[in-house]
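Residue numbers (my numbering): 93 to 249.
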């Protein structure tokens with residue numbers, strides 16, 4: 093009877109038609125009288141309960157793993173879509189209205205007039221190449237220039 097209980101449990105867990113049903117087993121269990129038979133039945137019933145618990149755990153973990161893989165797949169799919177969209181946007185020309193073009197053109201010409209002299213006469217020196225964002229301040233007349241550590245060494249020589 094113990095093997096019958098385990099076999100029925102296994103077939104039920106696998107979604108197959110069980111060999112027997114609990115309606116058939118219950119009257120048999122109630123007829124057990126000897127302590128040895130009751131111990132044997134209890135052992136097989138515990139084995140069946142343990143197998144069912146283990147099966148349910150594995151199935152839950154498996155379902156969680158499938159859900160996680162599906163989630164990861166959706167993230168990868170979205171990243172691929174975003175990457176494709178970004179590439180498309182980079183290759184597509186910028187579309188602006190005539191009014192926007194006129195505004196940008198006006199702003200560009202205004203900035204060019206203000207900085208034209210400086211840009212045309214600009215010379216890059218070794219000191220400028222050494223300047224970086226770490227600040228040491230050095231006052232030259234009215235202007236305060238920010239020099240990095242390399243430029244400071246050159247200036248102090």
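Cβ atoms here follow ideal geometry from the backbone N, Cα and C, with glycine treated the same way.
Supposed contact pair residue j and residue i - C-beta distance, whole angstroms, cut 8 angstroms
i           : j           : result
residue 139 : residue 98  : 6 angstroms
residue 96  : residue 112 : 6 angstroms
residue 135 : residue 94  : 7 angstroms
residue 121 : residue 133 : 6 angstroms
Per-residue DSSP class, three states only, for residue i
i           : result
residue 212 : helix
residue 182 : helix
residue 205 : helix
residue 108 : coil
residue 126 : coil
residue 188 : coil
residue 43  : Residue numbering for the chain in the displayed model covers 93 to 249; residue 43 lies beyond these limits and cannot be assessed.
residue 143 : helix
residue 93  : coil
residue 227 : Caution applies to residue 227, whose pLDDT of 46 falls short of 50 and renders its modelled position unreliable; the model cannot decide the point.
Within the chosen definition, does the region 127–146 reach the region 99–109 through at least 3 CB pairs nearer than 8 angstroms? yes
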